[in-house]
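According to our numbering, the residues represented by the sequence shown are 710 to 1097, in order.
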Amino acid sequence: MSVGKAIEQAPCLQSRGPECIHHPDRHLNSGAMVKTRIVLGIESSCDETGVALVRFDDLSMPVLLAHALHSQIDMHQAYGGVVPELASRDHIRRVLPLTQQVMEHSGCTLADIDVVAFTRGPGLAGALLVGAGVACAMAASLGKPVLGVHHLEGHLLSPFLSADPPQFPFVALLVSGGHTQLMRVDAVGQYQLLGETIDDAAGEAFDKSAKLLGLGYPGGPALSALAQRGNPTAFKLPRPLLHSGNLDFSFAGLKTAVLVQGKNCAQASGCNIERLPADVKADLAAATQAAIVDVLVKKSMAALQATDLKRLVVAGGVGANRLLRDQLDAACLHRGVRVHYPELNLCTDNGAMIAMAAALRLQSGRQQPSLRYAFDVRPRWPLESLDT
Ligand code: KG4
Ligand code: ZN
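Structure below.
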C-alpha cells in the first residue's frame, strides 16, 4: 500500500473561518473571488484501488492534494493474472481505509469534499461496481454530487498531474493493459481516434510474452527488467502493421512469434520454453520489447506527421517502460516535438488521474456533477463515444 506525497499538506483551516487553504476562494491576495472546489476520485476498474483528492478552480491547473493506492499484484500473482471476483472483494476491503489515509494526509475532512468522482468504465464490471457504489453512497451521505469518469480519459489527462503539464492540442499515445490507441486531443473531451490495435494491446503483448517465458504477472515490468540483460537483435521478431499505411496496431502475431522462436530454442536445448537458459530468455525478452517499442515509436511519429502537431503525450501503464521513453525522447528531439509523460508512479492505474480528469471536465464546463445516486457502470465504453 502506498500513500502518495501530498503536494499540499497544510491542515484545513476551514472550521476556523475564512482562511481555509483548501478553499482559498475566501481570501485571494488580489481581492478577486475565485470559487475553488475539492473532488475526491476513486479508481477501482481492475487490480488497483486508488483514492485521491484534487482541488481546482476556474482559472488554474488543478492541484493534487493527496493520493493513496493499493495494488493487488501480490494477490493475483499466484493465478498468473487478475481474478475478477478476488479483485472486487479486495476493492471493498481497501477503498474506505485508503479514503481515510487521503483525508489524513491532505488535512481535509469529508465535509470539505464538493464532488465525488469514480471510474465508471471501462474495466471489470464487479470491480467498477465497488467504486461506483462507494462513491455514490458517500456522496449521498454528504449531500454532494457525483461524477462518473472514463478510465482512459483519466490516463489521457494524467500528464496534467506532472511538473511539466502539456498544452492542447496534442497527439496522445494511450498504451495500457487493455488499450493501444493514438488520439488527437484538442481539448478536454475533444478526442479523435487516429488508430488503435486490431487485436492485443501493447500491455497485453508484454504480459502474454512474459507469461510464455514464465516471468509471472504483471509481465510488463518483469519482461522489461529481464530485457536489460539481453541482446535485442539476437532474435528477429515481426513489427506487425509497421508499413500498413495507417495508424492501427496489431500485437497478437508478435506473441505467436515469441512462442514459436522460444519453442525452437527450447527444443534445441532439450527443455521447455519456461526453462530456457537465462541468457537466451533475456535475449528473447529484449527482442520482444524492442519489437513492441519500435512499432509504438514509429506509429507515434506517423501520427504527429499526419496531424502536423508538435506535442506528444504518452499515458497508460506501458508509458512507464524505460526503452519506450528513451526512444520516444530521441525521436521527438529529432523532430522538434515536445513529449510529456505522467510521473512514473502515476502511469499505471491510480485515483489521482480520476480526480484530475473529473476536475478538468468540471473546469471546462463539459460536464455537471449529478445529485442522482442511482449508478451504472460501463465495462465496455469507447473513449470516442464519451460525450455522445
Ligand atoms: O494502465 P494500466 O495500469 O492498466 C490498464 O488500464 O490496463 O496498464 C497495465 C499494463 C500492464 O499490461 C503492464 O504489464 C504494463 O501496463 N506495464 C508495463 C510496464 N509497467 C506496466 N509494460 C512495459 N514496461 C513497463 N515498465
Ligand atoms: Zn488503466
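From the three backbone atoms N, C-alpha and C, an ideal C-beta is built for every residue, glycine too.
Asn940 versus Ala999, Gly789, Gly832 and Leu951, residue with shortest Cα-Cα distance
Of the candidates Ala999, Gly789, Gly832 and Leu951, the one whose C-alpha sits nearest the C-alpha of Asn940 is Ala999.
Glu905 - partner residues in DSSP beta bridges:
For Glu905, which the question treats as bridged, DSSP gives the partners Gln890.
From the DSSP secondary-structure annotation, give me the bridge partner or partners of Ile751.
BP columns for Ile751 point to Val760 and Phe827.
My guess is that Thr997 and Val1023 are in contact by the Cβ rule of under 8 angstroms, so how many angstroms apart are they, rounded?
About 19 angstroms; that fails the 8 angstroms criterion.
Between the CA atoms of Gln976 and Ile982 - distance to the nearest angstrom
8 angstroms
Measuring CB to CB, does Lys964 end up less than 8 angstroms from Ala914?
Ala914 sits close to Lys964, with the two beta carbons spaced by under 8 angstroms.
At a cut-off of 7 angstroms, would you count His860 as near the ligand ZN, judging by its Cβ distance to the nearest heavy atom?
yes
Give the range of the beta strand (DSSP E) segment to which Leu882 is assigned.
Per DSSP, the continuous beta strand (DSSP E) segment holding Leu882 begins and ends at Phe879 to Val884.
Separation of Asp1038 from Gly1100, as counted between CA atoms:
In the structure as shown, the chain begins at 710 and stops at 1097. Residue 1100 is therefore absent and cannot be evaluated.
Reduced DSSP secondary structure (H/G/I, E/B, other) of Gln899:
strand
Once you ignore the five residues that flank His800 on each side, which residues in its own chain have a CB closer than 6 angstroms to its CB?
Ser753, Thr758, Ala836 and Val839
Among Val792, Ser769, Asp756 and Val791, which residue has its Cα nearest to the Cα of Ser780?
Asp756
Alpha helix (DSSP H) containing Gly1060: first to last residue?
Gly1060 to Ser1073
Quick check: is any heavy atom of the ligand ZN less than 7 angstroms from the C-beta of His779?
no
Quick check: does the Cβ of Gly1026 come within less than 7 angstroms of any heavy atom belonging to the ligand ZN?
yes
Please state if the CB of His859 and the CB of Arg1098 are separated by a distance shorter than 8 angstroms.
The shown model of the chain, from 710 to 1097, leaves out residue 1098, and the question about it has no answer.
Own chain, CB closer than 7 angstroms to Ala677, minus 5 neighbours either side, in chain order
Absent from the model: residue 677. The displayed extent of the chain is 710 to 1097, so no value can be given.
Is Thr1057 close to the ligand KG4? I mean its beta-carbon at under 7 angstroms from any heavy atom of the ligand.
yes
Note the first and the last residue of the continuous beta strand (DSSP E) segment covering His952.
No residue range can be given for His952, since it is assigned to no beta strand (DSSP E) and is classified by DSSP as neither H nor E.
C-alpha gap between Leu774 and Gln810, whole angstroms:
12 angstroms
Quick one: measure Cβ to Cβ for Ser769 and Val897, integer angstroms, because I've assumed they're closer than 8 angstroms.
That belief does not hold up - the Cβ atoms of Ser769 and Val897 are roughly 15 angstroms apart, past 8 angstroms.
When we look at the beta-carbon of Pro868 and count the other beta-carbons within 10 Å, is it buried (16 or more) or exposed?
buried
His776 Cβ short of 7 angstroms to the ligand KG4 heavy atom set:
No, Cβ of His776 sits at least 7 angstroms from all heavy atoms of the ligand KG4.
Cβ of Gly979 within 7 angstroms of any heavy atom in the ligand NAD?
Among the ligands in the structure shown, the ligand NAD does not appear; only the ligand KG4 and the ligand ZN can be found there.
Suppose you measure from the CA of Val843 to the CA of Gly750; what does that come to, to the nearest Å?
Spanning the two alpha carbons is a distance of roughly 11 angstroms.
With 16 as the cutoff for other CB atoms within 10 Å, does His1043 come out buried or exposed?
exposed
Just the Cα atoms here: how many angstroms apart are Arg798 and Leu1013?
In this structure, the straight-line span from the alpha carbon of Arg798 to that of Leu1013 is close to 42 angstroms.
Give me the DSSP bridge partner(s) of Arg1047.
Arg1020
How would you call Gly1045, buried or exposed, if buried means at least 16 neighbouring beta carbons within 10 angstroms?
exposed
Any beta carbon of chain C sitting closer than 8 angstroms to that of Leu861?
The chain inventory of the structure shown lacks chain C, comprising one protein chain alone.
Just the C-alpha distance for Asp992 and Leu883, rounded to the nearest angstrom, thanks.
27 angstroms
Starting from the C-beta of Lys917, find all residues in its chain whose C-beta is less than 6 angstroms away, skip the five residues before and the five after it, and write them out in chain order.
Lys964
Can you check whether the CB of Ala919 is closer than 8 angstroms to the CB of His928?
Here residue 928 is Gly; the residue named in the question, His, does not match the sequence. A contact, by the Cβ cut-off of 8 angstroms.
Quick one, are the C-beta atoms of Leu851 and Leu903 less than 8 angstroms apart?
Not a contact, by the Cβ cut-off of 8 angstroms.
Gly1138 versus Asp1003 - alpha carbon distance:
Limits of the chain in this structure are 710 at one end and 1097 at the other, which puts residue 1138 out of reach.
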